[in-house]
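Report on the following structure.
Residue numbers (our numbering): 834 to 1026.
Structure (structure tokens):
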């Protein structure tokens, strides 16, 4: 395959993955476990990161962040606009980057394990930076929400009250779809790269 065809194929596939991220995450605003939507866009982020590396993972994570910012960040935007923008953009963008960085060294040894760990790392980074952003930018408000929900410990509220069930559902979706992702990669990767 010529270099131009390879680049065209990559750009086309990245365009499709970008559209899928937008549609999945916009649709996910209707699926809530706890106070926040489930992140369904991790699957195409991981596929892009696995196929085309850290630039693709970072781009798709950024797109995911922008969709989240416009569809699911209203409660936080009402409290602290800059803090919300920083938290949301950084968490999604780094989640995509980390997905690629985890996948690449493991893929040569075990494709399935590389995808599973990449998908879980993507989710973990997203949640960890969200929780960090909550503490840094929204501590007072989170403290009030915790007390209003009957939690005396803010850390327990963040983990169990705000993100617990949501994180479990996202992890299960990622794990269930990992086999499908591996099959997609086995089909597409030899032709695409």
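C-beta atoms are modelled at their ideal positions from N, C-alpha and C, and glycine is treated no differently.
Return the chain-ordered list of same chain residues with a C-beta closer than 6 Å to the C-beta of residue i, the five sequence neighbours on each side being excluded.
{"i": "residue 913", "result": "970"}
{"i": "residue 951", "result": "879, 932, 935 and 936"}
{"i": "residue 857", "result": "873 and 874"}
{"i": "residue 917", "result": "906, 909 and 910"}
Could you pull out every residue in the same chain whose Cβ sits closer than 7 Å to the Cβ of residue i, ignoring the five residues on either side in sequence?
{"i": "residue 986", "result": "none"}
{"i": "residue 885", "result": "843 and 847"}
{"i": "residue 903", "result": "none"}
{"i": "residue 960", "result": "996 and 1000"}
{"i": "residue 855", "result": "896 and 900"}
Where does residue i fall in DSSP's three states?
{"i": "residue 913", "result": "coil"}
{"i": "residue 994", "result": "helix"}
{"i": "residue 874", "result": "coil"}
{"i": "residue 898", "result": "helix"}
{"i": "residue 925", "result": "helix"}
{"i": "residue 862", "result": "coil"}
{"i": "residue 937", "result": "helix"}
{"i": "residue 1025", "result": "Residue confidence is low: residue 1025 scores 42 on pLDDT, short of 50, so the model does not pin down where it sits. No coordinate-derived value is stated."}
{"i": "residue 846", "result": "helix"}
{"i": "residue 950", "result": "helix"}
{"i": "residue 982", "result": "coil"}
Under the assumption that residue i contacts residue j (Cβ atoms under 8 Å), give the Cβ distance between them as a whole number of angstroms.
{"i": "residue 975", "j": "residue 991", "result": "7 Å"}
Given residue i, which residues of its chain have a CB within under 8 Å of its CB, disregarding the five upstream and five downstream residues?
{"i": "residue 799", "result": "Any answer about residue 799 is impossible in this case: the structure gives the chain only from 834 up to 1026."}
Does the stretch 922-934 come within contact of the stretch 872-886, defined as at least 3 CB pairs closer than 8 Å?
-> yes
Worksheet item: Per the contact definition of three or more C-beta pairs closer than 8 Å, is the stretch 889-905 in contact with the stretch 849-857?
Response: Taking 8 Å as the limit for Cβ pairs, the verdict is that the stretch 889-905 does touch the stretch 849-857.
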